[in-house]
């Protein structure tokens, strides 16, 4: 009887250890990683940007993940005009509009998530080697669009 209790305790300890190793620990690490690497944080890390903390993601679409991270992405955040901290260029830019439209076309973006370049907007372009990020802000819609292409 004593041996059976000892065996049951050892078996229980082994089951708990396996449960900890294969379920609880990976699940916890997944949740921590998911909360740290938000869509906003990905742009901040990849492009060394400082973005307002109070942005809310409204839309995100991207090509399937590739081995080296290459691909395209379109993300829309909601941001009040008074919270805007990025210095933008004013006025229309046909190259910016063409780049953004090409990304939307490739991602097959829904019509209600397409940027309306007939409206007033501000824009800024970042480039690193072959990679490009264009940020477009529509103050009347309170929308901050990110268009990223990474090679």
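Numbering (my numbering), first residue to last: 14 to 164. Even for Gly, the Cβ is constructed at its ideal location relative to N, Cα and C. Quantities reported herein were computed from a predicted structural model and do not represent experimental measurements.
Exercise. Just tell me which of 160, 21, 59 has its CA closest to the CA of residue 113.
Key: On the chain shown, residue 113 is found 100 positions in, with the first residue counted as 1. If we check each option's Cα against that of residue 113, 160 comes out closest.
Quiz item: Would you say residue 97 and residue 134 are within 8 angstroms of each other, going by their C-beta atoms?
Solution: As a position in the chain shown, residue 97 is number 84, starting the count at 1. As a position in the chain shown, residue 134 is number 121, starting the count at 1. In this structure, residue 134 does not lie closer than 8 angstroms to residue 97 by Cβ.
Self-check item: Cutoff 8 angstroms; reference residue 94; Cβ partners in own chain excluding five residues on either side
Solution: In the chain shown, counting from the first residue as 1, residue 94 sits at position 81. These residues qualify, in order along the chain: 152, 155.
Exercise. Measure the CB-CB distance between residue 122 and residue 158 and report whether it falls below 8 angstroms.
Key: The count along the chain shown starts at 1 and reaches residue 122 at position 109. The count along the chain shown starts at 1 and reaches residue 158 at position 145. No, Cβ-Cβ distance for residue 122 and residue 158 is not below 8 angstroms.
Practice problem: State the Cα-Cα distance for the pair residue 131 and residue 89, rounded to the nearest angstrom. | Solution: Your numbering for residue 131 matches position 118 in the chain shown. Your numbering for residue 89 matches position 76 in the chain shown. For residue 131 and residue 89, the distance between alpha carbons rounds to 18 angstroms.
Quiz item: How long is the line joining the alpha carbons of residue 115 and residue 108, rounded to whole angstroms?
Solution: Residue mapping note: residue 115 aligns to position 102 of the chain shown, counting from 1. Residue mapping note: residue 108 aligns to position 95 of the chain shown, counting from 1. One C-alpha to the other measures close to 11 angstroms.
Quiz prompt | residue 120 versus 72, 26, 25, residue with shortest Cα-Cα distance | solution = Residue mapping note: residue 120 aligns to position 107 of the chain shown, counting from 1. Per the Cα distances, 72.
Exercise. Would you grab the beta carbon distance between residue 83 and residue 164 for me? Rounded to a whole angstrom, and I think it's under 8 angstroms.
Key: Taking the first residue of the chain shown as 1, we reach residue 83 at position 70. Taking the first residue of the chain shown as 1, we reach residue 164 at position 151. Residue 83 to residue 164, Cβ: 5 angstroms. Contact.
Quiz prompt | For residue 140, three-class secondary structure by DSSP | solution = Taking the first residue of the chain shown as 1, we reach residue 140 at position 127. It is a strand residue.
Quiz item: Does DSSP put residue 114 in a helix, a strand or coil?
Solution: The residue labelled residue 114 in the question sits at position 101 within the chain shown. Of the three classes helix, strand and coil, the one that applies to residue 114 here is helix, per DSSP.
Self-check item: Residues that residue 70 bridges to, as DSSP identifies them
Solution: Along the chain shown, read from residue 1 onward, the residue named residue 70 stands at position 57. Bridge partners of residue 70: 90.
Quiz item: Which residue's Cα is closest to the Cα of residue 81: 26, 105, 125, 59?
Solution: Numbered from its first residue, the chain shown carries residue 81 at position 68. Of the candidates 26, 105, 125, 59, the one whose C-alpha sits nearest the C-alpha of residue 81 is 59.
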